[in-house]
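Everything on this sheet refers to the single structure shown next.
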Amino acid sequence: MRLSRRTLLAAGLTAPLAACSTPQRRGAGGPVEITFWSALRGSQQVVDAFNSSQSRIRVIFQQIPSGLQGGYAKLSNAARAGNAPDVATIEYPQVPGFAIDGVARDITDLVTDRLKQKLLPQALKLTTFDNRVFSVPLDIEPMVLHYRADLFDQYGLRVPRTWDEFAELAKTVRDKDSAKRLVLFPTDGAMQFACFAWQAGAKWFDTAGGTWRVTMTDEPTRKVAAYWQRLIDDDLVFRNAVESRQSDAQIGQGLVVTRLTGAWDAGAQMRARPGQKGKWRIAPMPVWDEPAVGTHGGSTFAITKDSAQPEAAMEFIEWQVSDPAALTARLKSGTSSQYPVAPGLVETGSRAFPREYYGGQDVYQLFKQEADKVRDGWVWGPRMSATQRVMQDGFAKAGAGRTTLIEAVREAQNGTMPDLKALGLSTEEGER
Numbered sequence: 002m003r004l005s006r007r008t009l010l011a012a013g014l015t016a017p018l019a020a021c022s023t024p025q026r027r028g029a030g031g032p033v034e035i036t037f038w039s040a041l042r043g044s045q046q047v048v049d050a051f052n053s054s055q056s057r058i059r060v061i062f063q064q065i066p067s068g069l070q071g072g073y074a075k076l077s078n079a080a081r082a083g084n085a086p087d088v089a090t091i092e093y094p095q096v097p098g099f100a101i102d103g104v105a106r107d108i109t110d111l112v113t114d115r116l117k118q119k120l121l122p123q124a125l126k127l128t129t130f131d132n133r134v135f136s137v138p139l140d141i142e143p144m145v146l147h148y149r150a151d152l153f154d155q156y157g158l159r160v161p162r163t164w165d166e167f168a169e170l171a172k173t174v175r176d177k178d179s180a181k182r183l184v185l186f187p188t189d190g191a192m193q194f195a196c197f198a199w200q201a202g203a204k205w206f207d208t209a210g211g212t213w214r215v216t217m218t219d220e221p222t223r224k225v226a227a228y229w230q231r232l233i234d235d236d237l238v239f240r241n242a243v244e245s246r247q248s249d250a251q252i253g254q255g256l257v258v259t260r261l262t263g264a265w266d267a268g269a270q271m272r273a274r275p276g277q278k279g280k281w282r283i284a285p286m287p288v289w290d291e292p293a294v295g296t297h298g299g300s301t302f303a304i305t306k307d308s309a310q311p312e313a314a315m316e317f318i319e320w321q322v323s324d325p326a327a328l329t330a331r332l333k334s335g336t337s338s339q340y341p342v343a344p345g346l347v348e349t350g351s352r353a354f355p356r357e358y359y360g361g362q363d364v365y366q367l368f369k370q371e372a373d374k375v376r377d378g379w380v381w382g383p384r385m386s387a388t389q390r391v392m393q394d395g396f397a398k399a400g401a402g403r404t405t406l407i408e409a410v411r412e413a414q415n416g417t418m419p420d421l422k423a424l425g426l427s428t429e430e431g432e433r
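Numbering-wise (this note's numbering), the sequence shown opens with residue 2 and increments by one.
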């Protein structure tokens with residue numbers, strides 16, 4: 002993932018950083034104080050463990066809402082006022098926007114070779130633009146297939162390996178029980194759809210030559226949209242919001258047989274539906290022509306432009322993403338299947354994850370296998386929240402038969418271009 006120097010210059014990202022002010026201390030000889038904002042569950046436990054592990058740095062933590070519930074607006078407003086926290090959690094799709102806005106500072110010189118060697122390179126590439134790093138990944142969440150093993154056994158179904166097999170399976174499920182469907186097409190799932198396109202080889206955004214080229218309806222995306230459109234038209238899938246009571250009922254009542262989502266959702270499923278213990282298993286995503294996946298979910302840590310203690314902030318970040326004590330502390334807040342970008346932490350996560358829910362399956366071994374398949378070259382756009390809203394409006398209409406999925410994607414591209422131009426970026430549109 003690369004942003005050219007010209008692109009960064011257009012947004013003012015290559016300006017030199019202001020000199021760091023004197024670190025704030027509680028008193029003479031006291032620890033350096035840094036502030037940390039995050040919506041991630043378990044962050045307070047992580048901060049407490051870090052503060053207890055040493056006496057040189059003291060982290061002051063503030064829990065904030067998740068991004069779409071106001072956390073990103075809070076961070077942007079704080080940055081405009083000049084009082085952003087030292088460290089903030091930012092999800093992958095929002096990193097380019099916060100970098101262009103100047104909220105997330107260029108931390109290339111703070112990311113040591115030692116830290117790079119601890120992280121999966123495919124994750125760090127998603128936060129690196131024009132060889133400049135703007136945040137440090139915590140987890141990477143390859144998309145996988147969750148399936149009801151009991152229903153598969155009841156109906157004599159086989160786990161699909163390809164998308165063609167998945168479509169055939171969708172017809173089989175409907176024919177065996179007209180109340181059930183193989184899967185939900187989430188009308189609020191723009192990020193899931195992006196990952197489907199990513200897996201197929203799409204590149205919605207490209208920054209080669211200093212221009213943001215936007216091509217959200219390229220051939221791989223058209224293939225993915227046409228595939229799901231056929232499933233919708235043939236009444237082979239549910240089509241409603243995944244974040245809804247309707248979706249909860251579909252899963253809770255056993256009406257939906259599979260789920261397509263990131264690795265993190267294995268733990269979320271356990272917490273949300275303990276009564277379905279033993280009924281679910283997890284398998285690789287169906288593939289097109291080659292074994293590749295996109296990622297759904299995942300968070301990173303940025304140091305903001307307002308931080309007066311970037312070195313201390315980076316020390317805290319490195320500890321969070323690579324020290325087993327940090328993951329152990331986070332897991333004290335409850336079961337999690339978050340897949341760490343530090344391979345050295347995988348065993349810690351695997352040991353802590355209860356296997357009974359998934360019939361004794363070692364889901365972390367599967368996640369490790371799938372994380373190695375994340376397709377290289379994907380770039381998120383500078384205003385993904387706005388792109389997401391427009392696309393999901395179209396998906397809701399497509400679910401009701403009032404438009405098509407590809408038209409919804411086309412409208413999302415139309416809605417994205419004014420935002421990019423308003424940022425002063427050089428832009429170009431690809432095929433529509």
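The beta carbon of each residue, even a glycine, is placed where N, CA and C say it ideally should be.
- Beyond the five residues adjoining it in sequence on each side, M217 comes within less than 7 angstroms, by CB distance, of W205, V410, A413, Q414 in the same chain, given in chain order.
- The C-alpha of D107 lies about 19 angstroms from the C-alpha of W320.
- When only Cα atoms are considered, R260 and R282 end up about 10 angstroms apart.
- For D151, the closest of V257, L125, L406, A191 by C-alpha to C-alpha distance is V257.
- Taking C-beta separations shorter than 8 angstroms and ignoring five residues to either side along the sequence, the partners of A399 in its chain run T188, Q230, I233, R240, T405, L406, E408, A409, following chain order.
- DSSP lists R260, I283 as the bridge partner or partners of H147.
- As the crow flies, the alpha-carbon of L332 is around 10 angstroms from that of Q339.
- For the set D178, K172, A397, the Cα lying nearest the Cα of Q155 is the one of D178.
- Residue range 122 to 125 is occupied by the alpha helix (DSSP H) that includes P122.
- The Cβ atoms of L185 and A171 do not sit closer than 8 angstroms to each other.
- Here E34 is bridged, per DSSP, to R59.
- For W213, no alpha helix (DSSP H) run applies; the uninterrupted beta strand (DSSP E) run containing it begins and ends at 213 to 215, by DSSP.
- Judged by beta-carbon spacing, P138 lies beyond the 8 angstroms limit of V288, meaning their Cβ atoms are not closer than that value.
- Around M271, the same chain offers T336, Y358 as residues with beta carbons nearer than 6 angstroms, after the five sequence neighbours per side are excluded.
- Counting along the chain, the unbroken alpha helix (DSSP H) around V322 starts and ends at 311 to 323.
- Here the C-alpha atom of G431 lies approximately 19 angstroms from the C-alpha atom of F194.
- Only residues of its own chain outside the window of five on either side were considered, and among them T8, F206, D207, G382, P383, L421, L426, S427, T428, E429 have a CB closer than 8 angstroms to the CB of W213, listed in chain order.
- Between E166 and T296, the CB-CB gap reaches or exceeds 8 angstroms.
- A straight line joining the alpha-carbon of T36 with that of A226 spans about 43 angstroms.
- Within the same chain, G295, R376, W379 come within 7 angstroms of W199 by CB-CB distance, once the 5 residues on both sides are set aside.
- Short of 6 angstroms from the beta carbon of K278, and not among the five residues preceding or following it, lie these beta carbons of its own chain, in chain order: Y358.
- Here E348 is exposed: its Cβ has fewer than 16 other Cβ atoms, across all protein chains shown, within 10 Å.
- Residues A50, S54 of the same chain have their beta carbon placed closer than 7 angstroms to that of A326, with the five preceding and five following residues left out of the count.
- Considered as a whole, the segment 177 to 229 harbours 191 to 201 as its complete alpha helix (DSSP H) runs of no fewer than 4 residues, in chain order.
- Bridge pairing for R240: F186 [DSSP].
- In the DSSP annotation of this structure, the continuous segment of the alpha helix (DSSP H) that includes E348 starts and ends at 347 to 353.
- In this structure, DSSP gives A89 an extended state, which the three-state scheme calls strand.
- Sequence-distant Cβ neighbours of V33 in its own chain, meaning closer than 6 angstroms and more than five residues away, are P24, I58, Q310, A313.
- Within the same chain, G68, G298, G299, S300, T301 come within 8 angstroms of E92 by CB-CB distance, once the 5 residues on both sides are set aside.
- Relative to the Cα of Q118, the nearest Cα in the group P292, D102, G345 belongs to G345.
- In this structure, the straight-line span from the alpha carbon of M144 to that of E371 is close to 8 angstroms.
- In its chain, beyond the 5 residues on either side, A264, Y340 have a beta carbon closer than 6 angstroms to the beta carbon of F368.
- For F302, the uninterrupted beta strand (DSSP E) segment begins and ends at 300 to 304.
- Taking C-beta atoms under 8 angstroms as the contact rule, A89 and W38 qualify, at a distance of about 5 angstroms.
- In the displayed model, S39 falls within a strand according to three-state DSSP.
- Contact annotation: V104 and A80 have beta-carbon atoms nearer than 8 angstroms.
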